[in-house]
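Taken in sequence, the protein lines are chains B and V.
Just so we're aligned, residue 1 is where the first sequence starts under our numbering, counting upward by one.
Just so we're aligned, residue 329 is where the second sequence starts under our numbering, counting upward by one.
Note that beta-carbon positions come from the ideal geometry of N, C-alpha and C, so glycine has one too.
Here is the structure we will look at.
There are 2 protein chains.
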Amino acid sequence: MDGKVTIREVAALAGVSPSTVSRVLNGNHRQHMTPTTRDRVYAAIDALRYTPLSSARSLRRQRSHVLAVVLPDISNPFFSLLARGVESVAFGQGCSTMICNSDHSLDKERHYLEILLAEQALGVVYIPTSTPDEPGLSRLARSGARLVVADRFVPGFPSVRADNVGGSRALAEYVLSCGYRRIAYLAGPETVSTARERLQGFREALDAAGACPVTVKHGPFTCEAGYELSIELARSARVDAIVTANDMMALGALRALEDANIPVPNGVGVAGFDHTPWTTYLRPQLTTVEVPALQIGEVAAGQLLSEATEDACLPTRLIEGETCLRCR
Amino acid sequence: MDGKVTIREVAALAGVSPSTVSRVLNGNHRQHMTPTTRDRVYAAIDALRYTPLSSARSLRRQRSHVLAVVLPDISNPFFSLLARGVESVAFGQGCSTMICNSDHSLDKERHYLEILLAEQALGVVYIPTSTPDEPGLSRLARSGARLVVADRFVPGFPSVRADNVGGSRALAEYVLSCGYRRIAYLAGPETVSTARERLQGFREALDAAGACPVTVKHGPFTCEAGYELSIELARSARVDAIVTANDMMALGALRALEDANIPVPNGVGVAGFDHTPWTTYLRPQLTTVEVPALQIGEVAAGQLLSEATEDACLPTRLIEGETCLRCR
DNA sequence: TTGTAAGCGTTATCAG
DNA sequence: CTGATAACGCTTACAA
């Protein structure tokens, strides 16, 4: 009964031509039409529960209504929140959201970029795993897909991200103000702009205070990396604070210090970055910097759909938790 | 140069007809073809970097290669992990994954079900927010979409879920074995099968032990609900353990007890359900039941793609954390 | 303001 | 084993 109703049956029922039905649906606001016909068309549409077939529409228009989010790991709370921001805006504008989980694999990421080409995606929110796939990206852009990089910086493409430098600087200043001096920094991967920006902000603050980091170590944005690197630090015992490039690494650091029987924040202070939603439930509460993941997703999707993609820098906010003790 | 290469150009370059190219791509394993032509076609395909257009293919085939996941909240770690399971299997089979975030709204969920009709989705992994949208579901099924319910039970549809009853029973037995006797149960929404099953398992265990719950309260699967309900319990001070229907509620309970200055696990024991990934990082570690979210997603997607949808019940596992003290 | 008709890129049917 | 041809359902010039 339903399921195979096309624009022709709607047209027939309304006593008009298919093109008229199409015009009603796509509200070509230039063209005006008799209110009577328009009403008849609408009546027929919901009498038959008609929904235009996406594939036919996309084929004709040479463009789908799919918004894609390419990200390293959808099960990472930060990215899933960002994805939710994208989805919510997309849905509001009648678009579908495709998830492209690159799984931290450049290959899978590349593969997805090609799929999006075939999909004729309307827009893509792209969070590169590490070094972005430039050729894939520009191929996509040339094909007419709108493109915005999120949470990362890629030269030549508009990017929506948080104020990593400023946030990191503020955090470092706070850590210094707590009295910590022998600070180690666990940076993320050198290939990720976000990591570089956070390191930069950290360095700026220390420089300004005439201090310098005891050590800076790079590693992936994971708990495990945070743990391993911190274990080494705990052994050498020369640090009084560990500042990390994201909350995951901070978590690893906390576990490492726990295993080494070093009290936090009195023995060693710890700070993270991102304010991953559930970290609020940790005890002691993690000192970190809030990055508005949801909002990044919303802004990115909004730009895509308004056809006005441009760089945007969203403010971050220091979260004074309990892993750095002021005036200890 | 690329971006507008169609099957015709590939055919031209390979010196064959479009149909032959199509046959090569869709490997009609009934039809055999000269290895020579097949090789020429492949050569042309990657010389031109040809990728068939999804919309054209879907229009012709009357079926897309999209796998959709309809879920209440993608930013909930449990669901995002499940979604990742779906995506990983889908990707492996050349399918795209669409995220349909119902945002706990029946309306949005219904809307998405219609969109999936228009999208001619190949398959749908459906996690209803509460009462499932039966008409929408059967319309979708009648349209030819493969359908599997995940993490919930909906009569008349195959469902992939965890052994909630058994897991909950085991958990309750464990809590009893710890010596807790005045146990309150914070159940999820009455409309959600998962919540009902967990409550059932809990009841079975208590019955078998000749005990009975001090109280059973229903509420949404949220931290806030867990907090509010626990605050009331803390006031009445008649309970020595709070068992909740999921980890979120357990988290709320922990905060409420903290605010009421009641020590966990000595004053009151707490237990959750799901083993949401990051709960490992809580201190004290949450006593809970592991539900294999990733695997549920993988199995559901696997069934969809193998065209063999059937009920599946995945095993759960008790996680002895630190919020219930054995032999206290 | 509305209708006619062509064609988007693929695949399935049917001949050869 | 391969090629011509006709759709799939929709939108958009172009006519009327």
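One finds Val394, Ser424, Thr425, Met426, Ile427 in chain V with Cβ atoms closer than 9 Å to the Cβ of Met98(B), taken in chain order.
In this structure Thr604(V) is buried. Its beta-carbon is surrounded by 16 or more other beta-carbon atoms within 10 angstroms. Proximity of chain B to Pro591(V) at the Cβ level (cut-off 7 Å) is not reached, the minimal Cβ distance being about 13 Å. For chain B, the residues of the stretch 444-469 of chain V that bring a beta carbon within less than 8 Å of one of its beta carbons are Leu445, Ala446, Glu447, Gln448, Arg467, in chain order. In this structure, the straight-line span from the alpha carbon of Gly420(V) to that of Leu410(V) is close to 16 Å. Taking 7 Å as the cut-off between beta carbons, the residues of the stretch 61-87 of chain B near chain V are Ser64, Ile74, Ser75, Pro77, Ser80, Leu81, Ala83, Arg84, Glu87, in sequence order. Per DSSP, the continuous beta strand (DSSP E) segment holding Glu290(B) begins and ends at 288-290. Contact annotation for Leu381(V) against chain B: Leu59, Ala118, Gln120 [CB-CB distance below 8 Å, chain order]. Of all residues in the stretch 564-586 of chain V, those with a C-beta nearer than 7 Å to a C-beta of chain B are Leu579, reading in chain order. Identification of chain V residues near Leu282(B) by a Cβ-Cβ cut-off of 7 Å yields Tyr609, Leu610, ordered along the chain.
By the CB criterion at 8 Å, Leu642(V) and Pro620(V) fall inside the cutoff. Taking CB atoms only, Glu442(V) has a neighbour in chain B less than 8 Å away. In the DSSP assignment, Gly451(V) falls within the unbroken beta strand (DSSP E) covering 451-454.
The stretch 57-75 of chain B makes contact with the stretch 116-136 of chain B; the number of CB pairs closer than 8 Å reaches 3 or more.
Taking Trp606(V) as reference, the option from Thr519(V), Lys436(V), Phe406(V) with the minimal CA-CA separation is Phe406(V). When the Cα atoms are used, Thr129(B) and Asp151(B) turn out to be separated by approximately 11 Å. Judged by their CB atoms, Val299(B) and Thr316(B) are not nearer to each other than the 8 Å cut-off. Residues of chain V with a Cβ closer than 8 Å to the Cβ of Ala56(B) are, in chain order, Ser383, Leu387. Between Ile45(B) and Ser466(V), the alpha-carbon positions lie close to 20 Å from each other. A contact between stretches requires three or more CB pairs, one per stretch, nearer than 8 Å, and the stretch 199-217 of chain B meets this requirement with the stretch 166-175 of chain B.
A straight-line Cα-Cα distance of about 6 Å links Ala205(B) and Ala172(B).
Your pair Ala256(B) and Ser236(B) does not check out as a contact, with CB atoms roughly 12 Å apart and the cut at 8 Å. In the structure shown, the three-state DSSP call for Ala245(B) is coil. The DSSP assignment places 492-505 as complete runs of the alpha helix (DSSP H) inside the stretch 469-515 of chain V, in order along the chain (cut-off: 4 residues).
Look at Thr522(V) here: in three-state DSSP terms it is helix. Under the three-state reduction of DSSP, Ile74(B) is assigned to coil, being neither helix nor strand. As summarised for the stretch 241-322 of chain B, the continuous alpha helix (DSSP H) elements at least 4 residues long and confined to that stretch are 247-259, 293-306, given in chain order.
Straight-line spacing of the CA atoms in Arg326(B) and Val264(B) works out to 12 Å. Secondary structure of Leu48(B) (DSSP, three-state): coil. Boundaries of the alpha helix (DSSP H) around Ser383(V): 382-389. Val397(V) is bridged by DSSP to Ile427(V), Val453(V).
Checking the DSSP bridge columns, you'll see His546(V) partnered with Ala515(V).
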